[in-house]
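Counting from 1, position 48 in the sequence shown corresponds to residue 53 in the numbering used here; the numbering is continuous, with no gaps. Glycine residues also receive a C-beta, built at the ideal position from the N, C-alpha and C atoms. To start, the structure itself, in structure tokens.
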Amino acid sequence: MDRLSSQELVRSVCRKMTPPLLTMLSAEPEIQYVVMRNINLIVQKQPNMLQTDVRYFVCKYNDPLYVKLEKIAVMVQLASERN
């Protein structure tokens, strides 16, 4: 995303990437982990991308520990007074 010149183009790409990433969070734990690692990297560059979707990162009782830790890491990055 650093190589995209227009802010409008960056917003458009983010809007298109969000639904598939969130859909993949309902897959097997191994896939969830890979998706969470990628989301973590994306949120470091574009923190506003998933600001309204924090509810997807709430830990479930049957999530493996490695998935829970990634979800918590992303929630910490997304946390603000607004949400």
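Quick check on the burial criterion: 16 or more other C-beta atoms within 10 angstroms. Buried or exposed for residue i?
{"i": "Ile44", "result": "buried"}
{"i": "Lys65", "result": "exposed"}
{"i": "Lys50", "result": "exposed"}
{"i": "Leu46", "result": "exposed"}
Over what stretch of residues does the alpha helix (DSSP H) that includes residue i continue unbroken?
{"i": "Leu55", "result": "Looking at the DSSP string, Leu55 is not in any alpha helix (DSSP H), and its letter there is neither H nor E."}
{"i": "Met66", "result": "In the sequence under discussion, the amino acid at residue 66 is Tyr, which differs from the Met named in the question. Premise fails: Tyr66 is in no alpha helix (DSSP H) and is neither H nor E."}
{"i": "Leu27", "result": "Gln12 to Thr28"}
So, are the CB atoms of residue i and residue j less than 8 angstroms apart?
{"i": "Gln37", "j": "Val59", "result": "no"}
{"i": "Val48", "j": "Leu55", "result": "yes"}
{"i": "Met41", "j": "Val79", "result": "yes"}
{"i": "Pro52", "j": "Leu26", "result": "no"}
{"i": "Pro69", "j": "Pro34", "result": "yes"}
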